[in-house]
Amino acid sequence: MTVADERLAATGVARRLLIRPELGAVVGALVVFAFFAGQSEVFRSVEGVANWLDPASTLGIMAVAIALLMIGGEFDLSAGVLTGTVGLVTVILATRYDLPVWAAMLAALAVALLVGFLNGLVVVRTGLPSFIVTLATFLMLQGVNLGVTKALTGTVQVGGLRRAEGYEEVRAVLAGTIPVGGTDFRVAILWWLAVTALATWVLTRTRAGNWIFAVGGDERAARAVGVPAERTKIALFVTTAGAAWLVGSIMALRFTSVQAGSGVGQEFVYIIAAVIGGCLLTGGHGSAIGAAVGAVIFGMADKGIVFAGWDADWFTFFLGAMLLLATLANRFVRRYAEEVKR
Amino acid sequence: MTVADERLAATGVARRLLIRPELGAVVGALVVFAFFAGQSEVFRSVEGVANWLDPASTLGIMAVAIALLMIGGEFDLSAGVLTGTVGLVTVILATRYDLPVWAAMLAALAVALLVGFLNGLVVVRTGLPSFIVTLATFLMLQGVNLGVTKALTGTVQVGGLRRAEGYEEVRAVLAGTIPVGGTDFRVAILWWLAVTALATWVLTRTRAGNWIFAVGGDERAARAVGVPAERTKIALFVTTAGAAWLVGSIMALRFTSVQAGSGVGQEFVYIIAAVIGGCLLTGGHGSAIGAAVGAVIFGMADKGIVFAGWDADWFTFFLGAMLLLATLANRFVRRYAEEVKR
Amino acid sequence: MTGDGAVTEGGTDAPPLLEVRDVGKTFGGVIALRDVSMRVRAGEVSCVLGDNGAGKSTLIKILSGVHAPDSGSYLVDGAPAAFASPRDALDKGIATVYQDLAMIPLMSVWRNFFLGSEPVLGRGPLRRFDVTGAKRTVREELRSMGIDIRDVDQPVGTLSGGERQSVAIARAVHFGARVLILDEPTSALGVKQAGVVLRYVAQARDRGLGVVFITHNPHHAYPIGDRFLLLNRGASLGEYAKADITPEELTSLMAGGAELEQLAHELSRGGPAAGPGTPGTPGTPETPETGPPP
Amino acid sequence: MTGDGAVTEGGTDAPPLLEVRDVGKTFGGVIALRDVSMRVRAGEVSCVLGDNGAGKSTLIKILSGVHAPDSGSYLVDGAPAAFASPRDALDKGIATVYQDLAMIPLMSVWRNFFLGSEPVLGRGPLRRFDVTGAKRTVREELRSMGIDIRDVDQPVGTLSGGERQSVAIARAVHFGARVLILDEPTSALGVKQAGVVLRYVAQARDRGLGVVFITHNPHHAYPIGDRFLLLNRGASLGEYAKADITPEELTSLMAGGAELEQLAHELSRGGPAAGPGTPGTPGTPETPETGPPP
Amino acid sequence: GGQPTKETAGAASGPAPAAGGGTFAVVTHASAGDAFWDVVKNGAEAAGKRYGVTVTYQGDGDPARQSQLIDQAVSQKVDGLVVSMANPDALKESVGKAVTAGIPVITINSGGDVSREFGAVTHVGQSEDVAGRGAGEKLKAEGVTKLLCVIHEAGNVGLDQRCNGATQGLGGTVERLQVDVGNLADATSKIKARLQADTSLNGVLTLNPAVAVAARDAIADGGSKAKLGTFDLSADVVAAIEDGEILFAVDQQQYLQGWLPITFLTLYKENLNTVGGGLPVNTGPGFVTKDNAAKVAKLAESGTR
Ligand SMILES: Nc1ncnc2c1ncn2[C@@H]1O[C@H](COP(=O)(O)OP(=O)(O)OP(=O)(O)O)[C@@H](O)[C@H]1O
Ligand SMILES: Nc1ncnc2c1ncn2[C@@H]1O[C@H](COP(=O)(O)OP(=O)(O)OP(=O)(O)O)[C@@H](O)[C@H]1O
Ligand SMILES: [Mg+2]
Ligand SMILES: [Mg+2]
């Protein structure tokens, strides 16, 4: 590194810059942005940006958490529906049992963390693939959400959080807006950035981060050198559940009502964002920033198609094409970067 | 094997029987069957069996194909929606362009195989994870299905296959029924058994089978000893597409009309069935019989809850619980079996 | 040479660092190890020798907490121990180089090196992995083994076989506080690096560590070993002190008897390349690893 | 000993089986191999020697079609060849034992053995893998290597390190028709099995195969090798015929000079276990692998 | 099917407003491909073509995403907005934003009770439970006492409201069943299973025409005597009604829920007209039965009924 080594080829500065694995995802995002910016003026306006950053932020929080979990070699299919559970618990407790909003949220947090802990515990104890375990959790939570909501309210949605005690204060923190350049940006964007920064710190600069990479890369080898693999995995499931709580709360506070089916189907969007951002499905490799950028790519493609005004019938077609484009750009840049180093 | 080896512990016959990995899945299936047979008389009647075997058969055909693909280390998320594409192409060609049914089916087969081939080609050429590639295919096909159907018919479904030329003959072969013990069983069940037998033969008794295990277990190592990894993977994607064609045709012939959204969401059910049956998500391990039994487990749990008459709101809750139960039984038996050998 | 060459209870009064008594291990129907006893004493090198599949790795995995023995007992410092995981063994200062559980291929060299024992800086929520310190340490440790790594950020999976093994050894030496367990550590190493490893072993021994050393190379085992445990098909053939066994006997035991004598003749040929170094020339070992001629 | 020890064009008129001229290979910014030339002739054993990370494995991966060289040319039977995959090399009768690309852990021993070259029975749609034949062959091949496998249905991942390596070698020997490339084949093997492998190499040579043999053990390399290619940090230090080099020179080259002389003294100590076999005793190699005393 | 190109897709409903026209956005609570809402879309687009205005149609069943679609329409400064409000609470903020931005809003289908309060110009159509009630009454008249309501998307408010309405209309027992509309073999099998397991069920109500066909097969295969009613039309359903296999199909005439709001918005924009002074305009319920099936058969096939 310091001394020149005849076994290393000379590399330019520009190429060196491309070495960071996140850069592939960033380039993918730029491609998608450039594409839609060319299609629609609104898309590239401040308002437009505020618009597509909004869904990207909540998706991003989850994608980052799921990315950590996937780097650790596991899946969580129950994360999406858990956001719904959190919202339902919060709204039901705050409106039907008259708890202050913050108390209801704390109760929901406890529920979420418990679900995450159980997921992790069952996975490490039974040795079943987390795909199956969290699928079962997913199905069971979905049933609970619907069954309990129906039993309590007779319909499949609960609402009225707006009238609950302490609503406005909590809302400002989690679901408010911040005016920037005359446009309201969602405060969730800040949460998303914070979560990404924290996850990046943990992943690259702490012992826990080292353990996460190790258990995802080769669990047996990691255990053999003394990594507490079970604890690491359980902690990852709990972290994911914590993220689901954050997102579920943000959504509940913002929309003040929650449907029993809320969050169903989102679990795959999280995984998709993480994979677009460069996480390996087999574990052991990926980055939090990549997942956050993956969420932006997904959010841009998702909203860009609407801004471009293309026929809604063909929506998924374009979405698929954009995702392929973005990941190809990512891959292309990474290949190029790999020619520079390693 | 022939001579006693002092380094082998003595094992009983019963334990030896449990060695086959499929047996775990079978035990899981028996547990689920016993459970629901106790809950509902109709469930265990001939009629009931015919009923839940019906969806299990089409699911089973796909699960077996997906299992081969997963053993080969890849996913196909586009298989579900491809069954819809096949149905749409068949019905549109047979009713709007007046082709005989068999010709329309052949055209649909060409389309399906092309999609499978492209999936495989993109995966092996770009090196992108098949999860992302086939996700893009999934989204794009979904858009095409809806967009084209709308463009051609103005509605979201096409129908009228019954009036097409040669319908009855083909239907009898693919979507007819066979009376057994006074109850009509679907002929698709035979197709399912045939596909399972064929896949088992290929997997355990042919060169191709050896290659499938190898590319899924360690693609680089397989390539290094001369396995044509790319060809094997492409062939697996094409096979999956072929299975989707079979299932799509069976469905189209049976219902004579196809919705644009048909098959969406099924891709995960296929994967679930394969995983319940013991396929590893990371590739390199699994069996066709296991996947077929996984389909039966899923089918039984899915229908058993309805037979048992439990509250529909809680449906997914029970489904999740049953899946967990079945996979735990599978795992338990396999652990026990592994104590006997390896 | 018979079983009576086995070591009798010595005069040392301190309990051995590690001791297993009649341990056995089965994997399903496979009996990998049966009734094997062994002691690891401070300041001694215990060699475990045996044919392929004899159970050497299984034995050291029991010592290092990877496997729990199915039968027999395991004592650390004379007290019964039950390691739930290799973490427990590490916490007792037992560091291991495994034959097959080595490294995480996708992780960089420095991350692998400190895996499980990451050095930290700062405190509380600011406690963080000391990355620059870690990188520097790794570079130095490897250089002193004769491995000049290009870039400690390189994923371990792209290292050469010997480089990879060197990282594992350097790690064990760095963290081994009381016992060092080395399972065929020199198998992929160059002549120079293998020499360095043997020197490490000698240094560790001299510092009072207990060392367990597994090798198939009698030229490596004899000079450094104090005791030799011989395994065969999962069972113990006895434990010998160096004083009780000659290098020839050891080699012959490892090779499973004298049947290899003829190999030297088989390898020789009257081909055109036969030169000064053909087998038979004095000073050159006639047969590979079958030891010096009598 | 200087570079003029390098082999000059011999009098043989048949083109070498394999020849690489000035090949180089870089991985991204890493230059793993630079301007290396080598020939593999029928009936000869070419040894590739060098320190860890010298580029030996990279070179043989070029020979066996795993890597395409970035520069230089590759000739098979005197005609330029460009292997798209190891399959092409296998089809030309070149079989390889890789150092790190060995086996599929989840697959059984017999499936691994025949992977890529499955024996078939029947024809047309009934063409099938000859399972019983395959199992029998594997068992026999392994037994003749001195490996008595319990059960050929055992997944390779559960074999011991040496058993696993033996399967790879037995496979290469079974399928190697014209060239046999062995990358550190004996590293995990017991004394007996290593002897068997060397015997195999001699047999293959005598049958007229070209053999490329990589090892870190001069005791293995010298007796069997006809030519020695020395690599250092990715570059060639020259190719020597056996006639041009003494065992001492070879050992010293492999070890990177005489600096190891002192190791013998470092390893010795006046400990209680010092017995008849202490270093220095005549007839015992003083230092591991540093070769016989002058 | 031909490969779609960007140009053709853009031309179909591009954002470029026709001369003198405007751009109206329709945002509903159903995803693309839903049989009912597809007819609404057809109606809106046909009206757009007729009046020379640009109509964009988007929909998503998730209220959060629906509200984002409304936000997007607002930032695109559309000239009018048509919203279905299955979950008014969740849309309150977004609709409010549109109203504040001076965009005329018309609510359709559901949410009629809060339409005014949210500042909408008017409401077209009636809520799902009114339609459900109609279906329930009709089944009651046919002697159904115990009804199976087949839900093809768990947790969807609209479907739940239809079943709730049917419960009120029937006055008897209503049981629910969840099926997957993506797999009709599975749906058939489940309906059959339910009918086999509980023979006292004498009526089935499906909420989607494809599921109706599956239910018809299930009833026939299982030898059940249950009467079958459904929501919404398709060619198969009309044929089955003609054959007497399906009693009726609830027809909200949802084409009007697409056509009318575009008409109203055009009038409002050009002439500031508000039809009925802002009172809700009902589009149904209507029923397609054996009597009128023949007449609507062709229309159903072309996607306007
Ligand atoms: N997980 C396992 N399942 C089944 N058999 C196993 C397992 N692990 C080891 N074995 C068997 O136990 C025996 C002993 O293995 P072990 O690895 O201890 O041998 P070893 O003495 O280290 O051999 P080598 O010198 O080749 O490394 C081998 O025959 C091996 O096949
Ligand atoms: N895929 C790769 N990416 C980056 N560097 C690589 C890659 N493969 C090999 N190298 C580097 O190239 C050099 C040569 O490696 P090679 O495996 O050929 O060494 P070797 O001579 O076989 O060493 P050993 O004796 O330890 O097996 C090493 O320094 C290694 O780190
Ligand atoms: Mg071993
Ligand atoms: Mg090497």
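Protein chains in written order, with the numbering used here: chain A, -15 to 326; chain B, -15 to 326; chain C, 773 to 1066; chain D, 773 to 1066; chain E, 1177 to 1481. Note that beta-carbon positions come from the ideal geometry of N, C-alpha and C, so glycine has one too. Remember, predicted model here, so these are calculated numbers, not experimental data.
request  = Name, please, each residue of chain B whose Cβ falls closer than 8 Å to the Cβ of L746(D).
outcome  = One cannot answer for residue 746(D) here, as it falls past the ends of chain D, which runs 773 to 1066.
message = Do I173(B) and S41(B) count as a contact pair if the criterion is CB distance below 7 Å?
response = yes
key: Host alpha helix (DSSP H) of Y1444(E) (start-end)   = 1430 to 1447
query = Q1242(E): which of K1268(E), A1220(E), Y1227(E) sits nearest, CA to CA?
reply = K1268(E)
ask   = Should Q1372(E) be flagged as near chain B, meaning a C-beta pair shorter than 7 Å?
value = yes
query = So which of L123(A), V280(A), A34(A) has the shortest CA-CA distance to Q1252(E)?
reply = A34(A)
ask   = What residues are listed by DSSP as bridge partners for D955(D)?
value = I986(D)
Cutoff 7 Å: F885(D) Cβ touching any chain B Cβ = no
task = Please list, in chain order, all residues of the same chain as V75(B) whose beta carbon is under 6 Å from its beta carbon, the five residues on each side excluded.
result = V142, L145, A236, V242
Nearest neighbour of L1423(E), chosen from V1229(E), H1299(E), E1313(E), G1287(E) [CA to CA] = E1313(E)
query = Taking DSSP as the reference, what is the three-state secondary structure of G1453(E)?
reply = helix
query = T224(B) and L112(B): beta carbons closer than 7 Å?
reply = no
key: Start and end residues, beta strand (DSSP E) containing K864(C)   = Run containing K864(C): none; DSSP gives neither H nor E here.
query = So, does the CB of K964(D) fall closer than 7 Å to a CB anywhere in chain C?
reply = yes
ask   = Which two residues bound the contiguous alpha helix (DSSP H) that contains N129(A)?
value = 114 to 137
message = Using a 10 Å radius around the Cβ and a threshold of 16 neighbouring Cβ atoms, would you call V164(B) buried or exposed?
response = exposed
query = Can you name the start and end residues of the beta strand (DSSP E) that C819(D) belongs to?
reply = 817 to 822
request  = Determine the chain E residues that contact P163(A) at a beta-carbon separation under 8 Å, and present them in chain order.
outcome  = Going along chain E, no residue has its Cβ under 8 Å from P163(A), so there is no contact; the nearest lies around 14 Å.
key: 7 Å Cβ cutoff, T311(A) in contact with chain B   = yes
Per-residue contacts from I919(C) into chain D (C-beta, under 8 Å) = N824, G825
request  = For L130(A), return the contacting residues in chain E, with the cut-off set at a CB-CB distance below 8 Å.
outcome  = A1330, G1331
query = Whose Cβ in chain E lies nearer than 7 Å to the Cβ of R109(B)?
reply = None at all; the shortest Cβ gap to chain E is about 20 Å.
inquiry  = My assumption, with CB atoms under 8 Å, is that L1346(E) sits in contact with V1320(E). Please give the rounded CB distance.
reply    = 7 Å
inquiry  = Quick check: what's the CA-CA separation for F17(B) versus L130(B)?
reply    = 38 Å
request  = Return the chain-ordered list of same chain residues with a C-beta closer than 8 Å to the C-beta of V1281(E), the five sequence neighbours on each side being excluded.
outcome  = G1256, L1257, V1258, V1259, V1271, A1274, V1275, F1294, G1295, A1296, V1297
ask   = Which of helix, strand or coil does DSSP assign to I1327(E)?
value = strand
key: Below-7 Å beta-carbon distance, A867(D) vs any chain C residue   = no
ask   = Is it the case that the Cβ atoms of G104(B) and F221(B) are separated by a distance below 7 Å?
value = yes
key: Contact set between W185(B) and chain A, taken where Cβ atoms lie within less than 7 Å   = Correct list: empty, because the minimum Cβ distance to chain A is about 27 Å.
inquiry  = Strictly below 7 Å CB to CB, what residues from chain A border Y870(C)?
reply    = A208
message = Does the segment 891 to 900 of chain D come into contact with the segment 208 to 215 of chain B, if we say contact requires no fewer than three beta-carbon pairs (one atom in each stretch) closer than 8 Å?
response = no
task = Tell me, please, whether the CB atom of G100(A) is closer than 7 Å to any CB atom in chain C?
result = no
inquiry  = In the DSSP output, which residue or residues are listed as bridge partners for M810(D)?
reply    = V792(D)
query = Buried or exposed: I162(A), going by 16 or more other Cβ atoms within 10 Å of its Cβ?
reply = exposed
ask   = Could you give the uninterrupted runs of the beta strand (DSSP E) lying entirely in the segment 1351 to 1410 of chain E, keeping only those of 3 residues or more?
value = 1379 to 1382, 1403 to 1407
message = Counting C-beta neighbours from all protein chains within 10 Å, is the total for E913(C) 16 or more, i.e. buried, or is it exposed?
response = buried
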